[in-house]
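The structure appears right after this line, and notes come after that.
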């Protein structure tokens, strides 16, 4: 009786919203839940302790022990001490493999943070220096043909450089994308000695300096063929720079397509080039888009090939086949080389526009080729749904028009034979 009263008193003491922990009849403690989180309190404490210890030791070394005063040296020494102290603190609770794994994770995460910080610093500094030019609308709608170096930022702009960049990169892509993808398909679908030779040449051209590409086009197109400097010549030089990047990246992507897909296409009777067109290229579309993006990023920021093959001008020239034509990288180089603050601000504004243009091209390319193989767009899915509904309605109407074995025959409709054929008499 006493034990029952105590049990009821304990149950009454527990709030109604809290479920009481069941008692084990054998007297064992309830099982503790295991945490599945990748971040633990000991890891955070080890990071914080290592950071504070590294900062204190570095300050002691630079202020009291040695006459060091460089900021870079302070950061490097503090980081090395941080990694060492973190390894020591982790080794107090973990084994050797776990310590090496944590130290490696700290190293690559630190490198990622360093690269991200450098990117943010470059972008932020460019936008900050070019803010005084970007706020003026004339910076996007006028050229520099009637603007002097001492005129304010409310006069002149870089419209001529924007048009030149768009035309040159468009012409370069028209030449580079078909040739690059065709060469990548050839390297994977037609193996042999010649394919190995072409792959070697492509790998060697990947490290080709941009000035060499500009000199090649200048010597062959302008000096030998006698053509004038123009945006088309600059696009050829940019294409020479972009082509090996596109071929190399597309070659790697196509090589990753499973061979079972090709074998299934061959088993259905498709030819080799039909398999490439309907199986290989759609499967690797996202990777091929990335290859084109890499090639575009390589060509859109080049300066020396454009300077050698297209020349420089302050006027708007929308004809890429005749006359000098400037690009945004070349305009940036010319503007920041001037000692005038207004021209330097225009140069940083041009660099900011170039980054925005590259970002826009990347977004467009990702939208075009970012879907997985076989994934439909929203419009395609909507059309598929409508077609399925039409098919379902047609099949339902056909089922209703069929005669039922236990019911009357449906109306044959006008024009049908009123005399239905009966059973044949025996004999």
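In the numbering used here, the protein residues as written are 62 to 488.
Note that beta-carbon positions come from the ideal geometry of N, C-alpha and C, so glycine has one too.
Bounding residues of the alpha helix (DSSP H) (the contiguous stretch that carries residue i)
i: residue 312; result: 292–316
i: residue 217; result: Where residue 217 is concerned, there is no enclosing alpha helix (DSSP H), given that its DSSP letter is neither H nor E.
i: residue 266; result: 254–267
i: residue 327; result: 320–328
i: residue 152; result: 132–152
i: residue 334; result: 333–336
i: residue 391; result: 389–397
i: residue 278; result: 271–278
i: residue 368; result: 365–370
i: residue 496; result: Missing from the structure shown is residue 496; the chain here goes from 62 to 488 and no further.
i: residue 353; result: 346–361
7 Å Cβ shell around residue i - same chain, five flanking residues per side excluded
i: residue 354; result: 423 and 426
i: residue 139; result: 115, 116 and 119
i: residue 315; result: 245, 246, 249, 341 and 345
i: residue 325; result: none
i: residue 208; result: 216 and 217
i: residue 322; result: 340 and 344
i: residue 368; result: 391
i: residue 336; result: 323, 326 and 327
i: residue 412; result: 187, 191 and 393
i: residue 274; result: 298, 301, 302 and 366
Three-state secondary structure (DSSP) of residue i
i: residue 191; result: coil
i: residue 104; result: helix
i: residue 228; result: helix
i: residue 73; result: With a pLDDT of 48 at residue 73, under the threshold of 50, the predicted position of this residue should be treated as unreliable, though the coordinate-derived value follows. Helix, per DSSP.
i: residue 376; result: coil
i: residue 127; result: coil
i: residue 114; result: helix
i: residue 162; result: helix
i: residue 62; result: The predicted position of residue 62 is uncertain, since its pLDDT is 46 and thus under 50; no value can be drawn from it.
i: residue 243; result: helix
i: residue 386; result: coil
i: residue 381; result: coil
i: residue 155; result: coil
i: residue 341; result: helix
i: residue 207; result: coil
i: residue 282; result: helix
i: residue 251; result: coil
i: residue 238; result: helix
i: residue 185; result: helix
i: residue 167; result: helix
i: residue 463; result: coil
i: residue 485; result: Because the pLDDT at residue 485 is just 47, under 50, the model does not fix this residue reliably, and the point stays unresolved.
i: residue 480; result: Unreliable placement is indicated for residue 480, whose pLDDT of 46 sits below 50; no coordinate value is reported for it.
i: residue 288; result: coil
Contact with chain B by residue i, beta-carbon distance below 8 Å
i: residue 231; result: The chain inventory of the structure shown lacks chain B, comprising one protein chain alone.
Proximal residues to residue i (C-beta, below 8 Å), its chain only, five neighbours per side dropped
i: residue 269; result: 301, 302 and 305
i: residue 174; result: none
i: residue 211; result: 401 and 403
i: residue 130; result: 123
Contacts around residue i, its chain only, beta-carbon distance under 6 Å, and the 5 residues preceding and following it disregarded
i: residue 478; result: Low confidence applies here, because residue 478 scores a pLDDT of 48, under 50, leaving its location unreliable and the question unanswered by this model.
i: residue 228; result: 292 and 381
i: residue 348; result: 314
i: residue 194; result: 200, 214, 406, 407 and 410
i: residue 230; result: 361
i: residue 266; result: 305
i: residue 288; result: 282
Distance between beta carbons of residue j and residue i, contact taken as under 8 Å
i: residue 225; j: residue 203; result: Contact doesn't hold; Cβ gap of about 15 Å is too wide.
i: residue 311; j: residue 352; result: 4 Å
i: residue 11; j: residue 364; result: Residue 11 lies beyond the stretch modelled for the chain, which goes from 62 to 488, so this question has no answer here.
i: residue 271; j: residue 366; result: 5 Å
i: residue 285; j: residue 297; result: About 13 Å separates the two Cβ atoms, so there is no contact after all.
i: residue 356; j: residue 419; result: The pair is not a contact, with the Cβ atoms about 12 Å apart (cut-off 8 Å).
i: residue 374; j: residue 387; result: 6 Å
i: residue 164; j: residue 147; result: 7 Å
i: residue 197; j: residue 376; result: Between residue 376 and residue 197 the Cβ distance is about 19 Å, and since that is not below 8 Å, they are no contact.
i: residue 223; j: residue 350; result: So it is not a contact: roughly 24 Å between Cβ atoms.
i: residue 150; j: residue 107; result: 4 Å
i: residue 294; j: residue 278; result: 6 Å
Quick check for students: name the residue ranges of the beta strand (DSSP E) that lie wholly in the stretch 402–458, counting only runs of 3 or more. none
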